[in-house]
DNA sequence: CCAAATATCCCCCCAAACGGGTGATGTCTG
DNA sequence: CAGACATCACCCGTTTGGGGGGATATTTGG
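Residue numbers (the numbering used here), protein chains in the order written: chain A, 1279 to 1488; chain B, 1279 to 1488.
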């Protein structure tokens, strides 16, 4: 954002001890400058545009507007800012919500100080930053269940169905007859113990068969 | 996997310079032991079970079976091993394929040696390890396009449709009439310039509207 | 405050898709 | 060689899909 190489940082964290600790720690890093450290988003809100930081360290659990609620507002106000979520929570839902709303980093509070310092530089140079437990959650969400009862063909077909294709579209894509697709789908329903498309997709997604 | 705290490592990397560099670097780390370093998976294959490493550093580009092809075999043979992909490629497809096939880490070869050493420890303690550019790719895949033409309600509805729900199921879930859903879907089709469910889902997914 | 956007609901039509049932024939793999 | 797998077929009735036409609140933004 700015031409010189100073990274301008804003901290939003309700715990005073942590807030001060982060502030002094980051201020000591050459090239880092902590513009300000607020105890809540509602407090920080009106200064955002004027201060226009490069990186924001954002807590989730806070009095008033919480970090996840604040994210969309921040991204709208400062589209180019990199936001690092810094929280004790590492639930799958929170991680996905934060990333979906545009966070560039997600660190849990057990991260060592050095990891936070690293993360600031990483997000500013266009990378992503996650603590290892968060990385694990994210990576697991990509991994299929190796014990799927579905055959390769069945999996392939269910994936296309899940992508919104109709049976005849699937048939065309795989160069087989619509009846064959139907037949596979029937077997899929039996194996997953469901009797509708949406149930099959939901069950398969839940169990990571697709 | 073993009771003492030595991390037993296997390296599969065709470039001899790198292979040797990794080997000597990791062997110097206290608590790390490089069992062996192979130039190809085909070579390493038959020794896998006997050596039963804790962590495998796996290259993708190799003569014979490449790393991505090898992944499923390795996970089948040694279900508890942690595999770190170590490659020059950081394309979205490769990253997702590797993670989908059970890799615990994905580092690009420009990672500093210290990052590789860290990663080994991280994956062994149940975490995930990614280089920052890979983390960025992964995180971006979670982020919605903030310039979606779809309204909140339309997005909500399309997401349910994409989850395989029929219009009437969506109506039930949102406590509105089926006709209302129909109406929204019509508007979605117009905005996305499509005229079928599957096209709508595909377009919306491509542009990250959902 | 008012106009535009959004969300809600209603009717028509008809072709296509869906799900259940039953059965058959190759092919591949252990 | 048996069992799993992939392929195709035809029956049935019901549901969904998409296209067309409109109406009326509520919300939002300028």
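Think of the CB as a built atom: it goes at the ideal place given N, C-alpha and C, for glycine as much as any other residue. Remember, it's a predicted structure, so these values are computed and weren't measured experimentally.
For residue i, name the three-state secondary structure that DSSP assigns.
i	result
residue 1383 (chain A)	strand
residue 1281 (chain A)	Any answer about residue 1281 (chain A) is weak, because its pLDDT of 46 lies below 50 and its placement is not dependable; what the coordinates show is given next. Three-state result, residue 1281 (chain A): coil.
residue 1356 (chain B)	coil
residue 1333 (chain B)	strand
residue 1486 (chain B)	coil
residue 1436 (chain B)	helix
residue 1478 (chain A)	helix
residue 1378 (chain A)	helix
residue 1456 (chain B)	helix
residue 1371 (chain A)	helix
residue 1392 (chain B)	helix
residue 1308 (chain B)	coil
residue 1325 (chain B)	helix
residue 1351 (chain A)	helix
residue 1294 (chain B)	helix
residue 1420 (chain A)	coil
residue 1339 (chain A)	coil
residue 1345 (chain A)	helix
residue 1302 (chain B)	helix
residue 1461 (chain A)	helix
Between residue i and residue j, which are expected to be in contact by the criterion C-beta below 8 Å, what is the C-beta distance as a whole number of angstroms?
i	j	result
residue 1380 (chain B)	residue 1394 (chain B)	That belief does not hold up - the Cβ atoms of residue 1380 (chain B) and residue 1394 (chain B) are roughly 19 Å apart, past 8 Å.
residue 1359 (chain A)	residue 1333 (chain A)	7 Å
residue 1466 (chain A)	residue 1438 (chain A)	About 12 Å separates the two Cβ atoms, so there is no contact after all.
residue 1421 (chain A)	residue 1378 (chain B)	6 Å
residue 1416 (chain A)	residue 1373 (chain A)	7 Å
residue 1386 (chain B)	residue 1409 (chain B)	5 Å
residue 1456 (chain B)	residue 1446 (chain B)	5 Å
residue 1426 (chain A)	residue 1351 (chain A)	Rounded, the Cβ-Cβ distance is 41 Å, inconsistent with contact.
residue 1315 (chain B)	residue 1291 (chain B)	7 Å
residue 1448 (chain B)	residue 1468 (chain B)	Their Cβ separation, rounded to whole angstroms, is 18 Å, which puts residue 1448 (chain B) and residue 1468 (chain B) out of contact at 8 Å.
residue 1458 (chain A)	residue 1470 (chain A)	Not quite, the Cβ-Cβ distance comes to about 19 Å (not below 8 Å), so this is no contact.
Using a cut-off of 7 Å between C-beta atoms, extract the partners of residue i located in chain A.
i	result
residue 1400 (chain B)	1410
residue 1405 (chain B)	1410, 1411, 1413, 1414
residue 1421 (chain B)	1377, 1378, 1380
residue 1464 (chain B)	Neighbours of residue 1464 (chain B) on chain A: none; closest Cβ ~16 Å, over 7 Å.
residue 1447 (chain B)	1476
residue 1303 (chain B)	Going along chain A, no residue has its Cβ under 7 Å from residue 1303 (chain B), so there is no contact; the nearest lies around 20 Å.
Bridge partners of residue i, per DSSP?
i	result
residue 1425 (chain A)	Answer is none; residue 1425 (chain A) lacks a bridge partner.
residue 1408 (chain B)	B:1384
residue 1365 (chain A)	A:1386
residue 1314 (chain A)	A:1288
Strictly below 8 Å CB to CB, what residues from chain B border residue i?
i	result
residue 1443 (chain A)	1476
residue 1374 (chain A)	1420
In chain A, which residues lie less than 8 Å from residue i when you measure between Cβ atoms?
i	result
residue 1338 (chain B)	Ordered by position in chain A, no residue passes the 8 Å Cβ test against residue 1338 (chain B), which lies about 16 Å from the chain.
residue 1480 (chain B)	1441, 1442
Would you call residue i buried or exposed, if buried means 16 or more other Cβ atoms sit within 10 Å of its Cβ?
i	result
residue 1311 (chain B)	exposed
residue 1475 (chain A)	buried
residue 1331 (chain A)	buried
residue 1337 (chain A)	buried
residue 1388 (chain A)	exposed
residue 1309 (chain B)	exposed
residue 1383 (chain B)	buried
residue 1442 (chain A)	buried
residue 1411 (chain B)	buried
residue 1453 (chain A)	exposed
residue 1280 (chain B)	Any answer about residue 1280 (chain B) is weak, because its pLDDT of 46 lies below 50 and its placement is not dependable; what the coordinates show is given next. Exposed, because fewer than 16 other Cβ atoms sit within 10 Å of the Cβ of residue 1280 (chain B).
residue 1342 (chain B)	exposed
residue 1345 (chain A)	buried
residue 1340 (chain A)	buried
residue 1348 (chain B)	buried
residue 1406 (chain B)	buried
residue 1354 (chain B)	exposed
residue 1286 (chain B)	buried
residue 1324 (chain A)	exposed
residue 1400 (chain A)	buried
Less than 7 Å between the CB of residue i and some heavy atom of the ligand PLP, yes or no?
i	result
residue 1426 (chain A)	The ligand PLP is not part of the structure shown, which contains no ligands of any sort.
In chain B, which residues lie less than 9 Å from residue i when you measure between Cβ atoms?
i	result
residue 1452 (chain A)	What residue 1452 (chain A) touches in chain B: nothing, since even the nearest Cβ is about 15 Å away.
residue 1353 (chain A)	1424
In chain A, what lies closer than 9 Å to residue i by C-beta?
i	result
residue 1298 (chain B)	Near residue 1298 (chain B) there are no residues of chain A at all, since even the closest Cβ is about 28 Å away, more than 9 Å.
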